Amino acid sequence: MTVKDVKIIELPKFTDPRGNLSFVEQLNHIPFEIKRIYWIYDVPGGEARGGHAFRKNEEFIIALSGAFEVIVDDGKQKKTFQLNRSYYGLYVPAGLWREMENFSTNSLALEFGSIHYDEKDYVRSYDEFLKLKSHGEI
Ligand code: TYD
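Under the working numbering, the first residue of the sequence shown carries the number 14, and numbering increases by one thereafter.
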């Protein structure tokens, strides 16, 4: 996997004077079966999270509220995606280093995962990530 496999996906949006509505479906807008949903909230403005890679877990990230950046890195190239609308999702395949930065105050990140939580799926050392990537092991 490379940063070219990371994709912004535009979600359906029903604009309505009563308030807008968007939705996501697994195996449709989200290209995997959803096994887990979690959210990141109450992040102090400017804080960073998520410096790690997943061996198997694929992710789909939505900025439900506010804005933040997702920086993806395949060991050769880095790419930054700004998420600031609730009708865009970011698909991040497994095997990429990713960080989340510059959270705006009161931002809310909703994340869908393709596997249940498993600490063994995390690579938390960037040096180890580079080693695994260069050996084609992630
Ligand atoms: P982590 O994924 O390391 O956070 P981030 O990448 O955003 O900095 O998760 C922080 C802690 O939360 C982790 O040590 C264990 C726990 N956790 C779960 O128990 N289940 C989950 O689904 C997630 C995402 C985290």
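Cβ atoms here follow ideal geometry from the backbone N, Cα and C, with glycine treated the same way. The structure presented is a predicted model; accordingly, all values stated were derived computationally and were not measured.
Alpha carbon of residue i to alpha carbon of residue j, nearest angstrom
| i | j | result |
| --- | --- | --- |
| Leu77 | Asn97 | 8 angstroms |
| Lys146 | Asp29 | 46 angstroms |
| Ile151 | Lys69 | 8 angstroms |
| Gln95 | His148 | 30 angstroms |
| Ile53 | Val83 | 13 angstroms |
| Val37 | Pro25 | 8 angstroms |
| Tyr104 | Lys20 | 5 angstroms |
| Tyr51 | Glu124 | 5 angstroms |
Proximity test, residue i beta-carbon vs the ligand TYD heavy atom, cut-off 6 angstroms
| i | result |
| --- | --- |
| Gly88 | no |
| Arg31 | no |
| Tyr130 | yes |
| Tyr101 | no |
| Gly108 | no |
| Tyr9 | Here the chain comprises residues numbered 14 to 151, so residue 9 is not present and cannot be evaluated. |
| Tyr54 | no |
| Gly63 | yes |
| Tyr104 | no |
Identified DSSP bridge partners for residue i
| i | result |
| --- | --- |
| Phe116 | Looking at the DSSP assignment, Phe116 forms no beta bridge with any residue, so it has no partner. |
| Leu103 | Ile21, Ile74 |
Reference residue i; option with closest CA among the options
| i | options | result |
| --- | --- | --- |
| Arg49 | Asp131, Leu103, Lys26 | Asp131 |
| Met14 | Gly88, Ala122, Asn119, Leu123 | Gly88 |
| Asp134 | Tyr51, Gly32, Leu34, Ala66 | Ala66 |
| Phe45 | Ile74, Arg111, Leu34 | Ile74 |
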